Amino acid sequence: MSDRSQLVDKYFRVDNLPHIWCPGCSHGIVTRALTKAIDELDLDPDKIVIVSGIGCSSRAAGYLNFNTLHTTHGRAIAYATGIKLANPELHVIVITGDGDASAIGGNHLIHACRRNIDLTVMIFNNNIYGMTGGQYSPTTPHTALGTTAPYGNIDRPFDLVRLVEGAGATYIARGTAYHTLQLTGYMKKAIAHKGLSVVEAISSCPTYYGRKNRIGDAVGMMQWMKDTFVEKRAYDRLDEEKRIGKVPFGEFVNIQAPEYTAVLAEITKRVEGRL
Amino acid sequence: MENKALLMQGNEACVRGALYAGMKFYSGYPITPSTEIAELSAEYLPTVGGTFIQMEDEIAGIAAAIGASIAGKKSMTATSGPGFTLKQENLGYAVMAEIPLVIVDVQRGGPSTGLPTQSAQGDVMQAKWGTHGDSAIIALSPNSVTETFYLTVRAFNLAEKYRTPVILLTDEVIGHAREKIFLPEAGEIETFDRLGPLEDRPYIPYGVEEGDIVPRFAPFGTGHRYNITGLFHNEQGFPSNSQENAQIMLQRIHDKLNGEDIIDFESLYCDDAEYVFLSYGSTSRSAIAAVNQLRKEGYKVGLFRPITIWPSPEKQIKELASRVGEICVAEMNLGQYFLEVQRLACGDTKVSHMGRANGDILVPEEFVARAKEYFNER
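In order, the protein sequence lines correspond to chains A and B.
If you count by the working numbering, then the first sequence holds residues 78 to 352, one letter each, in order.
If you count by the working numbering, then the second sequence holds residues -6 to 371, one letter each, in order.
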């Protein structure tokens, strides 16, 4: 019996499978990494809430056997904030995509980081709007092709790690669907972290992004991840010219800061019964 | 403790009503003329073990409130015109996912930023049709500080009972007016809590038990792991593309708002009236003053005031239209509820309109003149 099937039986709603993702999509690998992280942390599934927005990544919620909430486009973090405040005992994990989190939901992302509320945000970044058919997203590289960028993307992309660092997230990591062992480790630490944690999980969309940009099929995109993403410490040792075309992955921020619901609980304790 | 007379603003009465009903969560974004609701919620909620949060925008304000309701807390958000527009998508989500929630819209002049500090009743149709798709909604319209208190309690009760967002559609005049109010003692008026899962059977998140009106609600984290989505969904809460399922689900969401206890109205001298003003919210205060004066002068006038704006009191308005000479719909807009009354009157009687949308309230003298015009021309 493989490790994979045990996780599926334990954490997936098998009646809802097969999933809607295209053949070769990496979202399944990233979702599996998440369940592996939850499994290793040995959390009570009844106390886990998965909140997602809209897009391919956000469909993951419905396949997972937790308290799952599939919300509106971009708003998952705002819904999650309400849930966490209403019941701070819950582990609230947001599953979102690059467009959902950083375009339509960008405001909620940065403000959740600023508040340092104890949510874990998993951004499945496949550099494209997959569900609507391959339009460019805030993480589509400059000059890359999309169905709404037929002559090359004019926008410059967000570096999501630096964006959320600037906004105040207290745990930040980037992993990839190729480097799953490390990705699972980051997710585990992110969920255990007290405060706003973000894991950018580089995923792939061979159907739209890979095909359009001639990166290749599922295997080709795995190769692209392997070639492009370099572990942070190794990346830091590279000469500047060797860094061109490479992207670091790893843990970028891991600090402690006052967490929103904890501070709120102190205030409530102080003033409760006053009126 | 003796029940003392208090001087209170409409927006404060709303917060007091919400707390009386059991509000434990408020999230919103500052906007005139609703801001006092946020400020007082921020002050009072932590004192009763509740939570207030000022979110980054209007959209997050309603989204967080829905999230808190899903986790089991009675939740509210408040706003005004521009913010109400921004909340519409997630209002539709709460309708679709059947999440209890109270949304207060203290109306101000529009369109757009409009007249931030002046009153209007221009969001009546937005309350009904603002979110996309064939939605169904309850909207209540208070015309005094005291009624704001009671209708806020009622809004929570209806939201919990029918698992639906309820809009408290007030306006700048009512929100900012200061009036005398006697607050009820705890337990004096009924408050309703959503029904939880039955223990003797498996929980079906979107299945309606025999004898129930709506599915039972299991807050997240209480051991019933299920899915909530804004997509059409089956009884288990999972997305479904079935057209048959979509039809049944949408029909149920509409049918549940046929509840007899939802409709509320005030009828003043309508029994023998020949000419009837139909008015609601702050505008109805001028109408009441005018009708009382006209009655003293011997004119057969009446006032019909929908307190539940949506669903509209169809039966009562139709009955009225079948026997009066004219219904004059008076409202602070260019003719919104007028359309609804016209629809219901269906040619049975003349339906006229009196209103404007420049921030200037309608005064009793205008009502008096309008009615006299009718009787003089007869």
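Cβ atoms here follow ideal geometry from the backbone N, Cα and C, with glycine treated the same way.
For clarity, every value in this text was computed on a predicted model and none was experimentally measured.
Using DSSP with H/G/I as helix, E/B as strand and the rest coil, what is residue i?
i      : result
B:C321 : strand
B:K17  : coil
A:S274 : strand
A:K303 : helix
B:T40  : helix
B:Q329 : coil
B:K173 : strand
B:I246 : helix
B:V356 : coil
B:P299 : strand
A:L196 : strand
B:I281 : helix
B:R156 : coil
A:F143 : coil
B:Q114 : coil
B:E91  : coil
B:F149 : helix
A:R251 : strand
A:N93  : helix
B:F258 : strand
A:K206 : This sequence places Tyr at residue 206 of chain A; Lys is not what is there. Of the three classes helix, strand and coil, the one that applies to A:Y206 here is strand, per DSSP.
B:A64  : coil
A:G223 : strand
B:K311 : helix
What separation, rounded to the nearest whole angstrom, lies between the Cα atoms of residue i and residue j?
i       : j      : result
B:G3    : B:P135 : 9 Å
B:K308  : A:A153 : 41 Å
B:I24   : B:I241 : 38 Å
B:T28   : B:A6   : 13 Å
A:L315  : A:I200 : 27 Å
A:V276  : B:E172 : 53 Å
B:L0    : B:I174 : 6 Å
A:R251  : B:S112 : 51 Å
B:K(-3) : B:A170 : 19 Å
A:L237  : B:M118 : 41 Å
A:N203  : A:C282 : 6 Å
B:D254  : A:V107 : 49 Å
A:T225  : B:G223 : 27 Å
B:N234  : B:N227 : 9 Å
B:S279  : B:V356 : 5 Å
A:E349  : B:L12  : 14 Å
A:L260  : B:K121 : 47 Å
A:D195  : A:K161 : 8 Å
A:L84   : A:S103 : 17 Å
A:K303  : B:A35  : 50 Å
B:V284  : B:E203 : 47 Å
A:D232  : A:G223 : 12 Å
B:Y19   : A:G159 : 9 Å
B:T110  : B:G103 : 11 Å
B:N326  : B:T276 : 11 Å
For residue i and residue j, which I take to be in contact (beta-carbon distance under 8 Å), what is that distance rounded to the nearest angstrom?
i      : j      : result
A:I131 : A:T145 : About 14 Å; that fails the 8 Å criterion.
B:Y155 : B:L250 : 7 Å
B:M16  : B:F185 : In fact, because the Cβ distance is near 13 Å, the residues do not count as touching under 8 Å.
A:T247 : A:S274 : 7 Å
B:E91  : B:T157 : 6 Å
B:G274 : B:Q114 : 6 Å
Members of the segment 25 to 52 of chain B near chain A, C-beta cut-off 7 Å: Those would be Y37, P39, T40, G42, T44, I46, M48, E49, D50, I52, in chain order.
Members of the segment 231 to 264 of chain A that neighbour chain B once the beta carbon cut-off is set at 7 Å: none
Proximal residues, the segment 107 to 141 of chain A versus chain B, C-beta separation under 8 Å: P122, D123, K124, V126, V128, A138, G139
Residues of the segment 53 to 72 of chain B with Cβ closer than 9 Å to any Cβ of chain A, in chain order: Legend: CB atoms of the segment 53 to 72 of chain B lying less than 9 Å from CB atoms of chain A belong to residues A53, G54, I55, A56, A57, A58, I59, G60, A61, S62, I63, A64, G65, K66, S68.
Residues, ordered as in the chain, of the segment 155 to 180 of chain B that lie near chain A by beta-carbon distance below 8 Å: none
Contact the segment 124 to 140 of chain A vs the segment 192 to 212 of chain A: 3+ CB pairs below 8 Å: yes
Cβ contact check for the segment 57 to 74 of chain B and the segment 204 to 219 of chain B: 3 or more pairs under 8 Å: yes
Meets three-Cβ-pair contact criterion under 8 Å: the segment 211 to 218 of chain A and the segment 157 to 167 of chain A: no
Positions along the segment 145 to 162 of chain A whose CB lies within less than 9 Å of some CB in chain B: T145, L146, H147, T148, T149, H150, G151, R152, A153, I154, A155, Y156, A157, T158, G159, I160, K161, L162
Chain-ordered residues of the segment 327 to 339 of chain A with a beta carbon less than 7 Å from chain B: Within the segment 327 to 339 of chain A, no residue qualifies.
Given 8 Å, three or more beta-carbon pairs between the segment 172 to 191 of chain A and the segment 118 to 125 of chain A: no
Inter-stretch contact at 8 Å, needing at least 3 Cβ pairs: the segment 285 to 297 of chain B / the segment 358 to 366 of chain B: yes
Residues of the segment 200 to 213 of chain A with Cβ closer than 9 Å to any Cβ of chain B, in chain order: none
Validate contact between the segment 43 to 51 of chain B and the segment 136 to 143 of chain B using beta carbons, cut 8 Å, 3 pairs: no
Proximal residues, the segment 87 to 102 of chain A versus chain B, C-beta separation under 7 Å: N93
Meets three-Cβ-pair contact criterion under 8 Å: the segment 344 to 356 of chain B and the segment 318 to 329 of chain B: yes
Sufficient close CB pairs (3 or more, under 8 Å) joining the segment 91 to 107 of chain B to the segment 68 to 79 of chain B: yes
Chain A contacts from the segment 73 to 102 of chain B (Cβ-Cβ distance under 7 Å): E82, N83, Y86
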